[in-house]
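Scroll down for the structure; my scribbles are underneath it.
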Amino acid sequence: GNLRFVPFWELQHLKINQGRDVVFDPGVVFGTGNHATTRDCLQAMDYVFAREEVFSTLDIGSGSGVLSLAAAKWGAKRVLALDNNPLAAMTTSKNINLNNLEDSALAIQAKGEEHLHLHSELLLANIHLDVMRRLVRDVGFKSKKWCILSGLMNSGAAEIHEMLLKQNIQIVSIWISDEIWHTFLLKNNNY
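Under this note's numbering, the residues of the sequence shown are numbered 120 to 310, in order.
Here it is, written out as structure tokens:
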């Protein structure tokens, strides 16, 4: 989309555009923005944000917060980034501060699947298969207008795809990167 991801150590070399640039420090947790699933999630998010205003976003397994930061930069007024790893929650919080997004984004350490009941129009989940299985079975999953599910390899993606077909959820698009990684963009027809 129209965003540029800038590692914080490059700030002295670049002129920053507050509206377009996402400044971040990946630290030691997952989320440099280079992984195929992150890129595919960003493409899916660009699709959603280009079509309608998204007020609230729930990012489960936020890692360094790349997706949460993008959601806030694209206009989400309330972004909640959840990660069970305390280092990830601290890293995301630091990145929120680096971008002056404290008024719209919050990072907390928590198991994301235990917070699906929270209201959000967009659910982001770039996570492993075991958590994904629990997510798509949860009643809170069905209350989201848009869902982006990623982090799934071939066999896990096939399993989740079958689970999704049994629900009244439209599969808008599927990205497959490197012939391995799958990302689903979903829209809830009951929203």
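The beta-carbon is built from N, C-alpha and C at its ideal position, and this holds for glycine as well. All of these numbers come straight from a predicted model, not from anything done at the bench.
Tell me, please, which residues DSSP counts as bridged to residue i.
i, result
"residue 160", "Residue 160 pairs with nothing; no bridge assigned."
"residue 288", "307"
"residue 301", "271, 295"
Specify, as a first and last residue, the run of the alpha helix (DSSP H) that residue i falls within.
i, result
"residue 255", "248 to 256"
"residue 205", "205 to 217"
Excluding five sequence neighbours on each side, which residues of the same chain lie with their C-beta closer than 6 Å to the C-beta of residue i?
i, result
"residue 292", "304"
"residue 288", "305, 307"
"residue 267", "160, 163, 243, 304"
On the three-state DSSP scale, how would you describe residue i?
i, result
"residue 139", "coil"
"residue 191", "helix"
"residue 226", "strand"
"residue 245", "strand"
"residue 201", "strand"
"residue 220", "coil"
"residue 279", "helix"
"residue 240", "coil"
"residue 132", "helix"
"residue 234", "helix"
"residue 165", "helix"
"residue 261", "helix"
"residue 148", "coil"
Start and end of the beta strand (DSSP E) containing residue i?
i, result
"residue 125", "123 to 126"
"residue 177", "175 to 179"
"residue 270", "265 to 271"
Take residue i and list the residues in its own chain whose beta-carbon comes closer than 7 Å to its own, dropping the five residues that flank it on each side.
i, result
"residue 299", "272, 273"
"residue 236", "259"
"residue 189", "122, 141, 161, 164"
"residue 208", "202, 226, 227, 228"
"residue 290", "283, 303, 305"
Under the assumption that residue i contacts residue j (Cβ atoms under 8 Å), give the Cβ distance between them as a whole number of angstroms.
i, j, result
"residue 222", "residue 201", "That pair is no contact at about 19 Å."
"residue 168", "residue 196", "Between residue 196 and residue 168 the Cβ distance is about 12 Å, and since that is not below 8 Å, they are no contact."
"residue 214", "residue 144", "6 Å"
"residue 283", "residue 245", "Not a contact, Cβ separation roughly 16 Å."
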